[in-house]
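Let me begin by presenting the structure, written as structure tokens, before commenting on it.
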Amino acid sequence: MTSKSVLTAACALLGAVAFGASAADSPARTTPDVVKASSPWEQAFAAFADDDASHPRPAGGVLFVGSSSIRLWNDLEDQFRNLPVVIKRGFGGSQLSDCVKHLNRLVVRYRPRTVLVYAGDNDLAAGTPPREVLRRFVAFVEGVHRELPNTDIAYISIKPSPSRVALLPQVREANALIHAYADAEGNVDFIDVYTPMLDARGLPRAELFRADALHLNADGYALWKRVIASYVH
Numbered sequence: 006m007t008s009k010s011v012l013t014a015a016c017a018l019l020g021a022v023a024f025g026a027s028a029a030d031s032p033a034r035t036t037p038d039v040v041k042a043s044s045p046w047e048q049a050f051a052a053f054a055d056d057d058a059s060h061p062r063p064a065g066g067v068l069f070v071g072s073s074s075i076r077l078w079n080d081l082e083d084q085f086r087n088l089p090v091v092i093k094r095g096f097g098g099s100q101l102s103d104c105v106k107h108l109n110r111l112v113v114r115y116r117p118r119t120v121l122v123y124a125g126d127n128d129l130a131a132g133t134p135p136r137e138v139l140r141r142f143v144a145f146v147e148g149v150h151r152e153l154p155n156t157d158i159a160y161i162s163i164k165p166s167p168s169r170v171a172l173l174p175q176v177r178e179a180n181a182l183i184h185a186y187a188d189a190e191g192n193v194d195f196i197d198v199y200t201p202m203l204d205a206r207g208l209p210r211a212e213l214f215r216a217d218a219l220h221l222n223a224d225g226y227a228l229w230k231r232v233i234a235s236y237v238h
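Residue numbering for the sequence shown follows this note's numbering, beginning at 6 and increasing consecutively.
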């Protein structure tokens with residue numbers, strides 16, 4: 006798909022689907038934000054609650070949310086130590102749709118000035134089409150801005166993982182759709198970590214990943230930090 010056709014598709018989708026979704030099937034309109042006993046995220050949210058009780062943070066911080074690429078960023082707070090308040094809320098294996106479902110616990114309760122989200126990777130791996138990944142991100146943005154209209158949102162692009170090289174066409178399409186949406190939307194940025202993680206042949210740089218060829222190593226996170234730093238202050 007060419008960049009022009011991706012942009013055209015994004016505009017059409019935003020007009021016909023994302024902003025026209027009914028209340029019945031728009032995940033951002035789900036008001037309950039309860040983690041049931043059977044939820045795979047019960048332990049993660051219990052840990053978040055314990056941390057909140059032990060280390061209460063003031064509003065107006067910088068919040069990182071998303072899947073295991075956020076959860077496993079062990080020195081994230083130290084990497085951004087120049088910022089007064091940095092909060093990490095990653096829960097491994099999660100999809101963008103899970104971030105939408107648990108928006109109150111993940112984002113609204115912290116009232117951040119900026120929220121950075123890394124999700125969508127697992128959605129594609131589960132067979133979700135790129136256009137649905139865009140729709141889920143639109144739902145995330147609308148849900149945040151409904152409660153926190155002045156909060157900036159930055160989407161960290163889906164990374165090119167060696168273990169998911171077969172998904173690169175879908176990754177590129179999802180990234181392009183979200184990039185086009187972010188360019189057209191206020192208070193939304195697109196952070197491209199995809200491009201610098203490719204080698205000269207356009208393939209994922211294996212040296213940036215752990216042995217599982219999916220999760221980042223220290224060099225991968227150092228690259229992310231360099232790219233992300235200009236979007237947070």
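Beta carbons are placed, not taken as given, at the ideal position from N, Cα and C, and that holds for glycine.
Near residue i, what residues of its chain come up, given a Cβ to Cβ distance below 7 Å and the 5 sequence neighbours on each side ignored?
i, result
"I183", "L139, F142, Y160, F195"
Name, in chain order, the residues that DSSP records as bridge partners for residue i.
i, result
"A156", "Reading off the sequence, residue 156 comes out as Thr, not Ala. Answer is none; T156 lacks a bridge partner."
"T119", "V67, D157"
"I92", "L68"
Hey, would you say residue i sits closer than 8 Å to residue j, going by beta carbons?
i, j, result
"F96", "V122", "no"
"G225", "L213", "yes"
"L101", "G125", "yes"
"L108", "G148", "yes"
"I163", "A179", "yes"
"W229", "V193", "no"
"Q84", "L129", "no"
"G71", "V90", "no"
Does the beta-carbon of residue i have 16 or more other beta-carbons within 10 angstroms, so that it is buried, or is it exposed?
i, result
"G98", "exposed"
"S168", "exposed"
"L203", "exposed"
"T156", "buried"
"T200", "exposed"
"N222", "exposed"
"R231", "exposed"
If you drop the 5 nearest sequence neighbours on each side, which residues of the same chain put their C-beta closer than 8 Å to that of residue i?
i, result
"D80", "Y226"
Any heavy atom of the ligand ATP inside 7 Å of the beta-carbon of residue i?
i, result
"G97", "As presented, the structure is devoid of all ligands, the ligand ATP included, so that no description of it is given."
In the segment 40-86, which residue ranges form an unbroken alpha helix (DSSP H) of at least 4 residues, counting only runs that do not cross its ends? 47-59, 73-76, 81-84
Would you mind listing the beta strand (DSSP E) stretches within the segment 175-229 that are 3+ residues and don't spill past its ends, in chain order? 193-196
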